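J.: In this note's numbering, the protein residues as written are 11 to 388.
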Amino acid sequence: MTPTTGAAADTTALLGLLRDYLSPTPPQLSLPPGAFASTELYELEREKIFRQGWILVAHTDQLASPGQYLALDIAGEQVLVTRGRDDLLHAVSPVCRHRLMPLVEPGEGHTQDLTCPYHLWRYDLDGRLIAATHMRGNTAFDPSSCRLPGFAVEEWHGFVFVNLAADPEPLAPHLSVVEEEMTNYRLDDMVQVYSWTEDWHCNWKVAVENTHENYHAIGFHPETVRPLMTGGIDMDVHVDTPLVTRLLTPAGQPMETLVLPLTPDERKVLYSFRVFPCASVATFGETIAWLSFIPVSADRTVVRGGAVMPRQLVEQAGAENIRPPLAEFTQRVNEEDRRGLEAVQRAVGSRYAARGHLSPKEPGVLAFYRSLTHALTD
Ligand code: FES
Ligand SMILES: [Fe+2]
């Protein structure tokens with residue numbers, strides 16, 4: 011066997027340190043700083059995590075009617091999600107089968123079909139080729155067998171997930187406990203009031219580990235999120251499967267609800283869950299915020315998110331009245347996290363960067379590290 015050298019040796023050493031998190035007595039330490047900077051580790055994450063995991067990309071309201079689409083980059087792979095004429099969601103590779111032209115610009119929009127801007131080949135919203143100009147003379151070309159490669163797409167109570175693996179296991183069974191516990195939130199009857207896409211200059215794990223603890227609310231969010239945590243910043247962590255972690259924050263005062271039939275016990279908890287690798291769904295009474303941290307490189311992460319509320323509440327109060335204060339609040343919280351986490355990212359290359367001791371208030375962070383290790387080493 012040839013000895014491993016350089017970057018490969020560094021990655022091997024990093025994985026060795028990560029494996030310690032799977033021990034019955036894991037180190038109460040943060041990730042090695044190199045894990046946030048290594049482009050070799052990022053390549054491994056692309057292959058073992060982002061080409062295999064369920065990635066939350068949108069709320070179904072963003073893809074409500076036939077022709078609506080969302081084009082995005084998931085760790086270097088271009089993905090297009092559409093609502094087809096059949097009213098179903100489709101996810102395809104939007105790279106033209108002729109000579110590689112992307113069929114749409116990244117972003118959200120509405121279209122009748124997918125016409126390549128280069129030589130005008132046309133595809134249906136489900137990826138089937140409809141027409142190719144000036145191709146009859148090429149007898150080797152069979153238009154009926156030409157289509158855009160598809161990806162798995164799954165909607166779970168309004169949340170749209172995509173998976174780039176060839177034949178992935180369905181996501182829903184992993185969420186069975188959450189589904190049962192969130193029955194009274196009536197997710198299927200929620201509408202999205204506001205959504206956002208931001209570009210953060212940090213490694214995706216810097217952003218995701220931050221969502222696994224309330225500890226930072228005292229530093230980053232003293233006037234925004236912290237006051238919502240009337241019962242303190244502790245959380246109960248429950249790991250259901252390697253993919254799903256529930257993070258339950260006790261509320262000091264039972265939350266008031268106007269339309270949701272939450273039980274007295276349910277009113278005493280800020281309920282939230284994470285889907286590995288990068289999805290977060292958190293309730294704040296009758297408002298639910300979702301976030302997804304999708305890497306585009308080792309040090310850049312696109313943050314997609316939205317806020318949903320019960321349809322009845324939105325109709326009663328009027329979306330135009332609810333949206334401005336909700337948008338202002340979420341933008342402020344996102345800005346607090348973005349500024350802080352970009353500063354952390356700037357520090358990971360310091361000669362003095364080292365692993366730090368975790369607080370007992372950060373068990374969710376360790377749960378994330380274990381999911382990460384499973385995904386990278388199994
Ligand atoms: S590259 Fe799309 S039609 Fe030529
Ligand atoms: Fe935060």
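Yeah, the Cβ is synthetic: ideal placement off N, Cα and C, and Gly gets one too.
If you're wondering where the values come from, they're calculated on a predicted model, not measured in any experiment.
1) Using 10 angstroms around the beta-carbon of D347, count the other beta-carbons present and answer buried if the total reaches 16, otherwise exposed.
2) Roughly how far, in whole angstroms, is the beta-carbon of P112 from the beta-carbon of L376, given that I think they are within contact range, below 8 Å?
3) What's the C-alpha gap between S369 and L124?
4) Within 10 Å of its beta-carbon, does R56 have 16 or more other beta-carbons around it, so buried, or fewer, so exposed?
5) So, for R236: in the same chain, excluding its five sequence neighbours on each side, which residues have a beta-carbon less than 8 Å away from its beta-carbon?
6) In three-state DSSP terms, what is A289?
7) Tell me, which residues are paired with I332 by DSSP?
8) Run through DSSP, which three-state label would T297 get?
9) Going along the chain, which unbroken runs of the beta strand (DSSP E) with 3 or more residues stay wholly within the stretch 128 to 175?
10) Applying the criterion that 16 or more other CB atoms from any shown protein chain within 10 Å of the CB defines a buried residue, is A141 buried or exposed?
11) Is the Cβ-Cβ distance between R157 and L135 less than 8 Å?
12) What would DSSP say about V254, mapped onto helix, strand or coil?
13) Is the beta carbon of V291 closer than 8 Å to that of F283?
14) How many angstroms separate the CA atom of L415 from the CA atom of T259?
15) With a CB to CB cut of under 7 Å and the five nearest residues on each side skipped, what residues in its chain are close to L32?
16) Give the straight-line distance between the Cα atoms of H144 and V102, rounded to the nearest whole angstrom.
17) Quick one: residues in its chain with C-beta nearer than 8 Å to the C-beta of M11, no 5 flanking neighbours on either side, listed in chain order?
18) Count the other CB atoms, across all protein chains shown, that sit within 10 Å of the CB of Y128; report buried if there are 16 or more and exposed otherwise.
19) For P274, count neighbouring Cβ atoms within 10 angstroms of its own Cβ and tell me buried if that reaches 16, exposed if not.
20) Run through the DSSP bridge pairs and tell me what R310 is partnered with.
21) Which value, in whole angstroms, describes the spacing of the CA atoms of R361 and R310?
22) Put R93 into one of helix, strand or coil per three-state DSSP.
23) In whole angstroms, what separates the C-alpha of H211 from that of R356?
24) Would a check of beta-carbon distances place R321 closer than 8 Å to chain C?
T.: For this structure:
1) As a first step, residue 347 is located in the sequence shown; it is residue number 337 there, counting from the start. Flag for D347 reads buried.
2) The count along the sequence shown starts at 1 and reaches residue 112 at position 102. The count along the sequence shown starts at 1 and reaches residue 376 at position 366. Their Cβ separation, rounded to whole angstroms, is 40 Å, which puts P112 and L376 out of contact at 8 Å.
3) Within the sequence shown, numbered from 1, the residue matching residue 369 stands at position 359. Within the sequence shown, numbered from 1, the residue matching residue 124 stands at position 114. Approximately 51 Å between the Cα atoms of the pair.
4) Along the sequence shown, one-based indexing puts residue 56 at 46. Classification of R56: buried, given that the 10 Å Cβ count is 16 or more.
5) In the sequence shown, residue 236 corresponds to position 226, counting from 1. Counting only Cβ-Cβ distances below 8 Å, and skipping sequence neighbours, we find A227, I228 and I243.
6) Start at 1 with the first residue of the sequence shown, and residue 289 comes out as number 279. In this structure, A289 counts as strand in the three-state DSSP scheme.
7) Counting from one through the sequence shown, the residue named residue 332 turns up at place 322. Paired residues: none, contrary to the question.
8) What you label residue 297 is simply residue 287 of the sequence shown in a count that begins at 1. Strand.
9) 139 to 141, 160 to 166 and 169 to 173
10) Residue mapping note: residue 141 aligns to position 131 of the sequence shown, counting from 1. Classification of A141: exposed, given that the 10 Å Cβ count is below 16.
11) Position 147 of the sequence shown, counted from the start, is the residue given in the question as residue 157. Position 125 of the sequence shown, counted from the start, is the residue given in the question as residue 135. Contact flag unset, no.
12) Taking the first residue of the sequence shown as position 1, residue 254 is located at position 244. Three-state DSSP puts V254 in a strand.
13) Numbered from 1 along the sequence shown, position 273 holds the residue referred to as residue 283. Numbered from 1 along the sequence shown, position 281 holds the residue referred to as residue 291. Going by C-beta atoms, F283 is nearer than 8 Å to V291.
14) Limits of the chain in this structure are 11 at one end and 388 at the other, which puts residue 415 out of reach.
15) By 1-based counting over the sequence shown, the position of residue 32 is 22. Cβ neighbours of L32 beyond the five flanking positions: R380 and T383.
16) Here the question's residue 144 lines up with position 134 in the sequence shown. Here the question's residue 102 lines up with position 92 in the sequence shown. Each residue's alpha carbon lies about 25 Å from the other.
17) For the purposes of this step, residue 11 is identified with residue 1 of the sequence shown, where counting begins at 1. Low confidence applies to M11: its pLDDT is 45, below 50, so where it sits in the model is not reliable enough to give any reading.
18) Start at 1 with the first residue of the sequence shown, and residue 128 comes out as number 118. It is exposed - the Cβ of Y128 has fewer than 16 other Cβ atoms within 10 Å.
19) Here residue 274 refers to the residue found at position 264 of the sequence shown. Burial call: exposed.
20) Along the sequence shown, read from residue 1 onward, the residue named residue 310 stands at position 300. BP columns for R310 point to S307.
21) Reading the sequence shown from its first residue, position 351 is the one you call residue 361. Reading the sequence shown from its first residue, position 300 is the one you call residue 310. Approximately 21 Å between the Cα atoms of the pair.
22) One-based indexing of the sequence shown puts residue 93 at position 83. R93 falls in the strand class under three-state DSSP.
23) For this step, residue 211 is matched to residue 201 along the sequence shown. For this step, residue 356 is matched to residue 346 along the sequence shown. Whole-angstrom Cα-Cα distance: 9 Å.
24) Here chain C cannot be found, since the structure has a single protein chain.
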